[in-house]
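Per mature numbering (1 follows the signal peptide of the UniProt record, and there is no 0), the sequence shown runs over residues -19 to -1, 1 to 402.
Here is the structure we will look at.
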Amino acid sequence: MVKITLLFVLLLFQFLGHSQPPEPPIGHRWVLFDQYSDEFNDKALDTKKWRDTFNGWKGRPPAKFDPSTISVQNGTMQIKNKKLATPDGKYTIAGGAVQSLKQTAHFGYYEVKFKASKLSMSTTFWMSNGKKKIKGPTKLSNDCQKDSWSQELDIIESVGGEFNQPWASGFRTKINFNTHYRYIDCNGSPEKFYSAGNNAIEGNGIKADATLVGGGESWEDFHIYGCYWRDSKTFDFYVDKKYAGTVIASTDVVDTPFSEPMGINMVTETYDFATPYPTDHQLSNNKINTSYYDWIRSYRLFAVNEPESSTIDTSIVEVFDETISFFKDPILDSKKNEITLSYLYKANQNRTLKVHINNNKNKEVYSQDLKVLEGYGKAQTQLNLKTSLPKGSYTITADIRSNVPSNTSVIAVTKDHTIIF
């Protein structure tokens, strides 16, 4: 039993080791969005990407956002919750907030790997933007001058500690996600949330396969939480690379509630529903008081042969286990002297894809080099064989390799595919 358990743990660690956006559509590739990605391998926050405060919000009492709780060390961004040295009105606890400098993250895939604290405080990863005036009428108003709205996408809200609710364990053992269309009407009434998600306190009760892979609780180990923001109202959620569920955001006010870009937030806070709040003893216990963020990764879809227009970071981040495979059998058209290849690849930098055709004596009769751009791509291409091949049995393989002239070693190769014509 010990050997079996150890093997499972090793397999789970390997499974969680590399990033895995959902399979891209044909003709596209997922590319790391540098502005909203960070491995947290430096000694401090990257001030070109993040701030250690939350613009316009001090936090929900009794926890106040305090920059002194935040550090970057040992390959993680850490928020060490603690007792405030000096109470500030209703605030007696120090939590933390790391917020992106920009709010330009739009449709794409967003994921985080973190280990929650074991306090009755949250460890979170979410997206939001500021209030904007609504142009034109809505389903609830005419074209007035005072109504406004904002978006909030809660990818994961975890509470590692115990609290007094019948559904509290779900905040430790599942991915809890929500979408909020936050609306202020023409009369300036208090903001109203139009919500959809599986979160027990704020969602609309959608069913989801949300349990953490491998079981256990969010404070015990690192887990990966992700969301594919597909369009202006559709969101697919993932936990530990497993599909958890889809949310269609509320369209009670407008048909396209999530049309605008947002920024990213990593926050620890107290919730009104998660009581009792942490004790002084718990807050001083370094074994349970810290939220650890291993990395955050964000991706945009590009056409498979379209280069990025710009990037703020030219360093190579090994987010993918580099692979190449055929998602359909190769098709050889003897009349056109043409072969159609349908392939999936993952590459951490631009690579060379080399195609080989061998005859039944294992002699190479054709090869061609293609260029593939970094990312996770799905492509279909036709190659001209230049000369006709005699009837017979042929084996087709493809590999990806370094495109540096001094080092063309093979990184990954497809399984053999035999075709006969």
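From the three backbone atoms N, C-alpha and C, an ideal C-beta is built for every residue, glycine too.
It should be emphasised that the depicted structure is a prediction, and the values quoted were computed from it without experimental measurement.
Residue i (DSSP reduced to helix, strand or coil)
i, result
"Thr251", "coil"
"Thr321", "strand"
"Lys396", "coil"
"Gly8", "coil"
"residue 410", "In the structure displayed, the chain extends from -19 to 402; residue 410 sits before or after that span and is not available."
"Tyr258", "coil"
"Arg153", "helix"
"Thr192", "strand"
"Leu264", "helix"
"Ser81", "strand"
"Leu(-14)", "Caution applies to Leu(-14), whose pLDDT of 32 falls short of 50 and renders its modelled position unreliable; the value that the coordinates give is listed next. Helix at Leu(-14)."
"Leu(-4)", "For Leu(-4), the predicted model reports a pLDDT of 47, less than 50, meaning its position is unreliable and no value from the coordinates is stated."
"Gln43", "Looking at the sequence shown, residue 43 is not Gln but Pro. It is coil, neither helix nor strand."
"Gln146", "coil"
"Gln54", "strand"
"Leu(-9)", "Residue placement at Leu(-9) is flagged as unreliable, the pLDDT there being 41, under the threshold of 50; the coordinate-derived value follows with that caveat. DSSP places Leu(-9) in helix when its eight states are reduced to three."
"Ser279", "strand"
"Pro288", "coil"
"Gln16", "helix"
"Ser49", "helix"
"Ala230", "coil"
"Gln59", "strand"
"Ile245", "strand"
"Met(-19)", "At Met(-19), the pLDDT of 35 sits below 50, so the modelled position is not reliable and the matter cannot be decided from this model."
"Pro68", "strand"
"Asp337", "Looking at the sequence shown, residue 337 is not Asp but His. Strand at His337."
"Asp236", "coil"
"Glu138", "strand"
"Glu303", "coil"
"Leu121", "coil"
Of the listed residues the options, nearest to residue i (C-alpha basis)
i, options, result
"residue 432", "Ser170, Phe216, Tyr164", "In the structure as shown, the chain begins at -19 and stops at 402. Residue 432 is therefore absent and cannot be evaluated."
"Val234", "Ile115, Ile312, Leu264", "Ile115"
"Arg32", "Leu364, Met247, Thr304, Gln363", "Met247"
"Ser296", "Ala360, Gln16, Gly226", "Gln16"
"Lys127", "Ser139, Tyr164, Ile137, Phe158", "Tyr164"
"Lys327", "Lys352, Asn341, Ser150", "Lys352"
"Ala25", "Gly8, Asn168, Thr50", "Thr50"
"Asp202", "Asp124, Tyr224, Thr260, Ala97", "Ala97"
"residue 470", "Met243, Leu325, Thr271, Lys61", "As shown, the chain starts at -19 and ends at 402. That puts residue 470 outside it, with no answer to give."
"Ile321", "Ala360, Lys39, Ile305, Gly186", "The question names Ile, but residue 321 in the sequence shown is Thr. Comparing Cα-Cα distances from Thr321 to each of Ala360, Lys39, Ile305, Gly186, the minimum goes to Ala360."
"Ala225", "Arg278, Ile137, Ala78, Ile7", "Ile137"
"Glu143", "Asn168, Gly186, Lys99", "Lys99"
"Tyr324", "Gln363, Asp253, Thr34", "Gln363"
"Val140", "Thr105, Glu172, Asn159, Cys125", "Thr105"
"Tyr252", "Asn36, Phe152, Ser369", "Phe152"
Same chain only: Cβ atoms within 6 Å of residue i, ignoring 5 sequence neighbours per side
i, result
"His161", "Glu133, Phe174, Ser176"
"Trp11", "Pro2, Pro5, Tyr280, Gly356, Tyr357"
"Leu(-13)", "Its pLDDT being 35, under 50, Leu(-13) is placed unreliably by the model, and the measurement read from it follows with that caveat. Taken in chain order, the list of residues that qualify is empty."
"Ile392", "Glu303, Ile381, Arg382"
"Val(-18)", "Per-residue confidence for Val(-18) stands at a pLDDT of 33, beneath the threshold of 50, marking its modelled position as unreliable; no derived number is given."
"Thr395", "Ile305, Ser306, Phe307, Thr378, Ala379"
"Ile60", "Thr50, Ile51, Gly77, Thr249, Ser272"
Contact set for residue i: own chain, Cβ-Cβ below 7 Å, skip 5 residues either direction
i, result
"Gln1", "Lys222"
"Thr57", "Phe21, Tyr273, Tyr274, Asp275"
"Thr155", "The residue you asked about is not Thr; residue 155 is Lys in the sequence shown. If we look at Lys155 and ignore the five residues flanking it on each side, its Cβ neighbours are Ala191, Thr192, Leu193."
"Tyr347", "Ile338, Leu366"
"Pro371", "none"
"Asp27", "Asp19"
"Asp166", "Leu121, Ser122, Asp128"
"residue 403", "Residue 403 is absent from the model: the chain starts at -19 and stops at 402."
"Ser170", "none"
"Lys30", "Gln16, Asp19, Ser81, Leu82"
"Phe254", "Gln146, Ile182"
Short CB-CB distance (under 8 Å) between residue i and chain C
i, result
"Phe239", "Any reference to chain C falls outside this structure, which holds one protein chain only."
Same chain, Cβ closer than 8 Å to residue i, neighbours up to 5 away in sequence not counted
i, result
"Thr237", "Ser213, Lys214"
"His398", "Phe307, Asp310, Pro311, Thr376, Ile377, Thr378"
"Asn329", "Ile297, Val298, Glu299, Val300, Phe301, Glu303, Glu355"
"Gly8", "Ala284, Val285, Lys359, Ala360, Gln361"
"Asn62", "Ala44, Thr50, Ile74, Ala75, Gly76, Gly77, Ser98, Leu100, Met102, Thr249, Pro259, Leu264, Asn270, Thr271, Ser272"
"residue 477", "Here the chain covers residues -19 to 402 and nothing more, so residue 477 does not appear."
Residue i beta carbon near the ligand MN (any heavy atom closer than 7 Å)
i, result
"Ala360", "This structure lacks the ligand MN; in fact it carries no ligand of any kind."
Touch test, the region 203 to 211 against the region 86 to 94, Cβ-Cβ under 8 Å, three pairs minimum: yes
Any 3 or more C-beta pairs closer than 8 Å across the region 330 to 349 and the region 382 to 400: yes
Given 8 Å, three or more beta-carbon pairs between the region 179 to 197 and the region 103 to 118: no
Inter-stretch contact at 8 Å, needing at least 3 Cβ pairs: the region 188 to 196 / the region 57 to 76: no
Cβ pair count under 8 Å reaching 3, the region 128 to 145 against the region 308 to 325: no
Unbroken stretches of the beta strand (DSSP E), 3 residues or longer, contained in the region 341 to 399: 345 to 353, 356 to 365, 374 to 382, 391 to 394
Segments assigned beta strand (DSSP E), at least 3 residues, entirely inside the region 161 to 217: 173 to 178, 204 to 210
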